[in-house]
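Please read the structure below before turning to the comments.
Numbering (this note's numbering), first residue to last: 4 to 154.
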């Protein structure tokens, strides 16, 4: 076998290995939640997700540390629910920001204070209040929706 064939074989093998590593890396990046895109609106940081166990773990262990309020959306029977319109109201009742959560979890970064959160989907709205303190993250679970919209 000539040296030229050995070099060619080596290049083919390294190319295949590089492609395998690149595809594997893409999969790892996707699993690491880089497809979850954090955003900011009116000074409030947020990220929506939680579709699948891996994504929820990632949000809890990696991204969750950067946010102090987690909203969870589910049907009354516990099945997660996405596509929720969320409105955050300040202590005075005035609207601070409106967001859309495509996923069943919405993580928010809010200043210390008292808030009312409205969540709307399937033709029904639910509202809860929370007092966020600087060192204590909060969680609100919205789980009153039924399978079918109420007229």
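Glycine residues also receive a C-beta, built at the ideal position from the N, C-alpha and C atoms. All values reported here derive from a predicted model rather than from experimental measurement.
- In this structure, DSSP gives residue 67 a helical state, which the three-state scheme calls helix.
- With contact defined as three or more Cβ pairs closer than 8 Å, the region 45-53 and the region 63-72 are in contact.
- Nearest neighbour of residue 125 by Cα position, chosen from 141, 66, 149, turns out to be 149.
- Considered as a whole, the region 94-125 harbours 98-104, 108-112, 116-124 as its complete beta strand (DSSP E) runs of no fewer than 3 residues, in chain order.
- Judged by DSSP secondary structure, residue 43 falls within the beta strand (DSSP E) whose first and last residues are 42-44.
- In the DSSP assignment, residue 127 forms a beta bridge with 124.
- The alpha-carbon of residue 59 is positioned some 8 Å away from that of residue 108.
- Rounded to whole angstroms, the Cβ separation of residue 105 and residue 86 is 6 Å, and the two are in contact under 8 Å.
- With 16 or more other Cβ atoms inside 10 Å of its own Cβ, residue 122 counts as buried.
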